[in-house]
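Everything below concerns the one structure shown next.
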Amino acid sequence: MDAEARRNYRAALKQAEAELAAHEQRGDALRATVEGLRNLLAVKAPRRTMRKPAVAKRTRRRRRSAGAGHPEVPAGTFRGTGPTAAYRRFIEMYGDSYTVPQIRDALIQGGVRSSSPTSLLTGIHSVRRRDRLKAEAEKQAAE
Numbered sequence: 004m005d006a007e008a009r010r011n012y013r014a015a016l017k018q019a020e021a022e023l024a025a026h027e028q029r030g031d032a033l034r035a036t037v038e039g040l041r042n043l044l045a046v047k048a049p050r051r052t053m054r055k056p057a058v059a060k061r062t063r064r065r066r067r068s069a070g071a072g073h074p075e076v077p078a079g080t081f082r083g084t085g086p087t088a089a090y091r092r093f094i095e096m097y098g099d100s101y102t103v104p105q106i107r108d109a110l111i112q113g114g115v116r117s118s119s120p121t122s123l124l125t126g127i128h129s130v131r132r133r134d135r136l137k138a139e140a141e142k143q144a145a146e
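Just so you know, we're using the working numbering here: the sequence shown kicks off at 4 and counts up by one.
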């Protein structure tokens, strides 16, 4: 940053700080005026907690898992492995003919831990995409 630009930024900072100080002083003066008027009229200060209008709860229908139809995976098959390693092991064991939701449900059944099924689904999509891109790059390199 050159010297002229630095001077310009310093001047802008100084002006912004002065405006902020003046704003705070006006706010203090306005608060004092409001308090004085309340005392003069003997009016209580309004309560700060305002209720939000009630919203009717919608009933949610339980959706069927999009992962129905995955292979039966013994419990603990993927315990202690992360989503990437578990996905690649699943593909070695069962092939890649399953959808991502089916793979997610199979990994959960096999013991993969995740913060939520949705985050696991996102992770599997990412791994699948990375593997696809890597395979395409290797194929192009071989040609």
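We treat Cβ as the ideally placed atom computed from N, Cα and C, and that holds for glycine. Small disclaimer: the values here were computed from a predicted structure and weren't measured.
Is residue i buried or exposed, if buried means 16 or more other CB atoms sit within 10 Å of its CB?
i           : result
residue 123 : buried
residue 86  : buried
residue 107 : buried
residue 8   : exposed
residue 145 : exposed
residue 14  : exposed
Determine the extent of the alpha helix (DSSP H) in which residue i is found, giving its start and end residues.
i           : result
residue 95  : 86 to 97
residue 138 : 120 to 145
residue 17  : 6 to 44
residue 109 : 103 to 112
Would you grab the beta carbon distance between residue i and residue j for me? Rounded to a whole angstrom, and I think it's under 8 Å.
i           : j           : result
residue 41  : residue 48  : 6 Å
residue 84  : residue 115 : 7 Å
residue 105 : residue 126 : Not quite, the Cβ-Cβ distance comes to about 15 Å (not below 8 Å), so this is no contact.
Give me, in chain order, the residues of the same chain whose beta-carbon lies closer than 6 Å to that of residue i; leave out the 5 immediate sequence neighbours on both sides.
i          : result
residue 82 : 114
Q) How do the segment 110 to 118 and the segment 72 to 83 stand: do at least 3 beta-carbon pairs fall below 8 Å, yes or no? A) Per the Cβ contact rule, the segment 110 to 118 is in contact with the segment 72 to 83 (3 or more Cβ pairs under 8 Å).
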